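J.:
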DNA sequence: TGACGATCGATGCAAATGCATCTATATAGA
DNA sequence: TCTATATAGATGCATTTGCATCGATCGTCA
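Protein chains in written order, with my numbering: chain A, -11 to 138; chain B, -11 to 138.
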């Protein structure tokens, strides 16, 4: 019987939505002001950089980034057109392809991080102590699906 | 010297962005599955309902909802076309207008809340205690601009 | 092997968003 | 009062998102 949310639940929800939107917008603005691509590019380049030489399949990016499949498809097309990633056929699955970040893509990610990291530091790092940040992470982790263990 | 974010800051940021996106998507999906309009409609109808008979000026909605000005302009056009709100000329400012929710709009909001509220209850209310929800709200409040006092 | 449902990724079309700019009115200052 | 600047809200155009669906390949099971 969780039909009607409690006042604390409503308040937490409202703040979560509002604060996350506001911070996201600021981080995007900072990138724009520096003439850099949007955060979505960073997310993909980051995942691909972590994946290393092996690269990732588009459907793996879909899982990891929470972008819709058609969104990843088009985002990759844009990234490829811009030389940030390359697509390789994959041997054992004729439907698929492997996406790998290029040197240019790595460089883009590096330059984005210089700005994005600063935003994170300013927007959250400077406002809460490390203990508070950990507490926040833990609470948010419990809202995930599936919930984080920790 | 807040140039480089600390690991706890990065983790909190990542969770905040990821969790909020995931929860938002679920709430949107629930509305869609019930054949109801998107959350943006709810946000506007909610603000207008709270404002009462006096209604609100579009620029006030822009401030309260965090939607961009052009977005509010078009959202109101859609809402008006659908009979959810009405626009009235405002006496002392020839540029502006006052927007008021209609009965139909109030009814739409009510039906949306039945679904939206249930999502909130399930997605956050059932996962954290009230004390934890309050703690979460307080931490998020400190990330706002300007930070919440409490 | 052959048929069939599932999965991978792309895409046509409609709707929404972002950006720049426009018109109209209001306000401040010479 | 006349002019310059600021503010309210709308809109043309390009980009992005959402939705449905498609073509192609894979895996399974008879």
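Heads up, the beta-carbon is just placed ideally off N, CA and C, and yes, glycines get one too.
Because the structure is a prediction, the values reported are computed rather than measured.
Tell me, please, whether the CB atom of residue 36(B) is closer than 8 angstroms to any CB atom in chain A?
T.: Within the second chain, numbered from 1, the residue matching residue 36(B) stands at position 48. No, no contact with chain A.
J.: Tell me the rounded alpha-carbon separation between residue 19(B) and residue 31(B).
T.: What you label residue 19(B) is simply residue 31 of the second chain in a count that begins at 1. What you label residue 31(B) is simply residue 43 of the second chain in a count that begins at 1. C-alpha separation (whole angstroms): 13 angstroms.
J.: Measuring alpha carbon to alpha carbon, tell me which residue in 63(A), 72(A), 85(A) and 1(A) is nearest residue 98(A).
T.: Taking the first chain and counting its residues from 1, the one referred to as residue 98(A) is at position 110. Comparing Cα positions, the closest option is 72(A).
J.: I want to see whether chain B comes within less than 8 angstroms of residue 100(A), judged by CB atoms only; does it?
T.: For the purposes of this step, residue 100(A) is identified with residue 112 of the first chain, where counting begins at 1. Cβ-Cβ to chain B under 8 angstroms: no for residue 100(A).
J.: I'd like to know whether the C-beta of residue 22(B) is nearer than 8 angstroms to at least one C-beta of chain A.
T.: Position 34 of the second chain holds residue 22(B). With 8 angstroms as the cut-off, residue 22(B) does not count as an interface residue toward chain A.
J.: Is any beta-carbon of chain B found at less than 8 angstroms from that of residue -10(A)?
T.: The sequence position of residue -10(A) within the first chain is 2, counting from 1. So, interface residue.
J.: Under 8 angstroms by Cβ, that's how I've got residue 87(B) and residue 43(B) pegged, so tell me the actual separation to the nearest angstrom.
T.: Stepping through the second chain from its first residue, residue 87(B) is reached at position 99. Stepping through the second chain from its first residue, residue 43(B) is reached at position 55. At roughly 5 angstroms, the Cβ-Cβ gap stays under 8 angstroms, so residue 87(B) and residue 43(B) are in contact.
J.: Leaving aside the five residues before and after residue 84(B) along the sequence, list all residues of the same chain whose C-beta is less than 6 angstroms from its C-beta, in chain order.
T.: Position 96 of the second chain, counting from 1, holds the residue named residue 84(B). 45 and 78, listed in sequence order.
J.: Going by C-alpha distance, which of 1(B), 8(B) and 70(B) is nearest residue 93(B)?
T.: The residue labelled residue 93(B) in the question sits at position 105 within the second chain. Checking every option, the nearest Cα to that of residue 93(B) belongs to 70(B).
J.: For the region -7 to 4 of chain B against the region 123 to 130 of chain A, are there 3 or more C-beta pairs whose distance is under 8 angstroms?
T.: Output reads yes: the region 123 to 130 of chain A touches the region -7 to 4 of chain B.
J.: Should residue 23(B) and residue 106(A) be called a contact, given that it needs their Cβ atoms to be closer than 8 angstroms?
T.: Sequence index remark: in the second chain, residue 23(B) carries index 35 (1-based). Sequence index remark: in the first chain, residue 106(A) carries index 118 (1-based). Not in contact: residue 23(B) and residue 106(A) (Cβ atoms no closer than 8 angstroms).
J.: Please classify residue 8(A) as buried or exposed, where buried requires at least 16 neighbouring CB atoms within 10 angstroms.
T.: Walking along the first chain from the start, residue 8(A) turns up at place 20. The residue is buried, with at least 16 neighbouring Cβ atoms inside 10 Å.
J.: In the DSSP assignment, the beta strand (DSSP E) including residue 77(A) goes from what residue to what residue?
T.: Taking the first residue of the first chain as 1, we reach residue 77(A) at position 89. Start and end: 73 to 77.
J.: Verify the CB distance criterion: does residue 42(A) have a CB-CB separation below 8 angstroms to chain B?
T.: Residue mapping note: residue 42(A) aligns to position 54 of the first chain, counting from 1. With 8 angstroms as the cut-off, residue 42(A) does not count as an interface residue toward chain B.
J.: Give me, in chain order, the residues of the same chain whose beta-carbon lies closer than 7 angstroms to that of residue 135(B); leave out the 5 immediate sequence neighbours on both sides.
T.: Residue 135(B) sits at position 147 when you count from the first residue of the second chain. Answer for residue 135(B): 129, listed in chain order.
J.: Short of 8 angstroms in beta carbon distance, which residues of its chain neighbour residue 63(B), apart from the five on each side in sequence? Order them along the chain.
T.: As a working mapping, residue 63(B) is identified with position 75 in the second chain. Answer for residue 63(B): 28, 29, 32 and 55, listed in chain order.
J.: Within its chain, find whatever has a CB closer than 6 angstroms to the CB of residue 60(A); leave out the 5 residues flanking it on each side and keep chain order.
T.: Here residue 60(A) refers to the residue found at position 72 of the first chain. Cβ neighbours of residue 60(A) beyond the five flanking positions: 46, 49 and 50.
J.: Could you tell me which of 52(B), 66(B), 41(B) and 39(B) sits nearest to residue 26(B), measuring between CA atoms?
T.: As a first step, residue 26(B) is located in the second chain; it is residue number 38 there, counting from the start. Minimum Cα distance to residue 26(B) is reached at 66(B).
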